[in-house]
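S.K.: This note's numbering applies: residue 2 is where the sequence shown begins, and numbers increase by one.
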Amino acid sequence: QMGEALDHGMVLVLSLWDDTEVNMLWLDSAYPTDQSADRPGVARGPCPGGAASEPKYLRSTFPKSHVTFSHIKVGTIGSTTQDGSGRRMDGVEYV
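1) For the alpha helix (DSSP H) holding leucine 7, just list the boundary residues, first then last.
2) Tell me which residues share the same chain as threonine 21 and place their Cβ nearer than 6 Å to its Cβ, disregarding the 5 neighbours each side in the sequence.
3) Please work out which residues of its chain come closer than 6 Å, Cβ to Cβ, to cysteine 48, disregarding the five sequence neighbours upstream and downstream, and give them in chain order.
4) Report the rounded CA-to-CA distance for leucine 7 versus leucine 59, giving the unit in angstroms.
5) Using only CA atoms, which one of Gln36, Arg40, Phe70 and Thr82 lies nearest to leucine 15?
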């Protein structure tokens, strides 16, 4: 099914966002917070959470934060790695 979906074409979407409702704990911490981290599926990563992980704190502490997405390569599997010559690979689109 994935191959069929890829045949129809896909769009790469990169975004940067935060979550003021649960502070993105669902992504890389223990979530839901009312469950034991020992329960399967609750421990999702090493982030301890807390006030320093809240969007309000991060936005006020790092008001000029930004992100740059670069050196993104598009091509068939194995076609986007260097062959040792340092030249760009044939058939790869650099965006």
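Heads up, the beta-carbon is just placed ideally off N, CA and C, and yes, glycines get one too.
M.R.: Checking against the coordinates, here is how it stands:
1) Per DSSP, leucine 7 belongs to the alpha helix (DSSP H) from 3-8.
2) Hits under 6 Å: Pro56.
3) Cβ neighbours of cysteine 48 beyond the five flanking positions: Asp29 and Ser30.
4) Distance between the alpha carbons of leucine 7 and leucine 59: 37 Å.
5) Nearest option by C-alpha distance: Phe70.
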